[in-house]
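Trainee:
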Amino acid sequence: METPHQAYLALLNELSSSLDQLSQLARQKTQAVQRDDLIGLDEALKQEQAMTLSLRGLEQKRLKAVSQLDLEGSSLSSLASRYPDAMQIQARQTAEKLLRSYQEYRCAAEVARNTLELNLHEIEKIIAASGVDTAGSPGYAAPVPEPPKRMKTDFRA
């Protein structure tokens, strides 16, 4: 039977694997942007969104395990010192692996974000240079449509 300490380490390993997959998706996004592959970028974004949802579930499990093991407020680097002596090496290795996976993900995500931003700025420059007026173009804030004349009501009547 798996102890709560072993289950928590298994959860951390699963979290590390998820971060590794997110790192790979970030690299795929970067490559798709560099190749001007919008379909590949869209596919990577969809996979990333699905991974994010699964990470939310893992975070809920982690919070439950942390409270069960009375590890609230302790950092990942101090995890091994809070584990039984027989499991401290395994806990240290798991924590280090998770930290490496997280750092790798942060780097890959930063590169992907910078690449996307750079290309978006280039697109904006090209559009501006072509003389296209982007004031009325679709963006984040869509214009509010006017209701049909039959639906308008004169409240003063």
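Residue numbers (the working numbering): 881 to 1037. Every residue gets a Cβ at the ideal spot worked out from N, C-alpha and C, and that includes glycine. Because the structure is a prediction, the values reported are computed rather than measured.
For the stretch 881–892 and the stretch 913–933, state whether three or more C-beta atom pairs, one from each stretch, are separated by less than 8 Å.
Mentor: Not touching, per the Cβ criterion.
Trainee: What are the boundary residues of the alpha helix (DSSP H) that includes Asp900?
Mentor: From DSSP, the alpha helix (DSSP H) with Asp900 extends over Pro884 to Gln914.
Trainee: With Leu956 as the anchor, note down where its alpha helix (DSSP H) starts and where it stops.
Mentor: Unbroken run through Leu956: none, as it is neither H nor E.
Trainee: Rounded to whole angstroms, how far is the Cβ of Ala924 from the Cβ of Leu905, which I believe are closer than 8 Å?
Mentor: The pair is a contact, with the Cβ atoms about 5 Å apart (cut-off 8 Å).
Trainee: Please indicate yes or no: does the CB of Gln904 lie closer than 8 Å to some heavy atom of the ligand PLP?
Mentor: Judged by which ligands are present, the structure shown has none, so any question about the ligand PLP falls away.
Trainee: Measure from the alpha carbon of Gly920 to the alpha carbon of each residue in Arg962, Ala912 and Gln927, then state which is nearest.
Mentor: Of the candidates Arg962, Ala912 and Gln927, the one whose C-alpha sits nearest the C-alpha of Gly920 is Ala912.
Trainee: May I ask you to report which of helix, strand or coil DSSP gives Ser934?
Mentor: DSSP places Ser934 in helix when its eight states are reduced to three.
Trainee: When the Cα of Ser897 is compared with those of Asp917, Arg980 and Leu949, which residue comes out closest?
Mentor: Minimum Cα distance to Ser897 is reached at Arg980.
Trainee: Apart from the five residues just before and just after Gln908, which ones in its own chain have a Cβ nearer than 6 Å to its Cβ?
Mentor: Excluding positions up to five away in sequence, the list reads Ala924.
Trainee: With the cut-off set at 9 Å, would you say Leu889 and Met967 are in Cβ contact?
Mentor: Going by C-beta atoms, Leu889 is nearer than 9 Å to Met967.
Trainee: Would you call His885 buried or exposed, if buried means 16 or more other Cβ atoms sit within 10 Å of its Cβ?
Mentor: Per the 10 Å Cβ criterion, buried.
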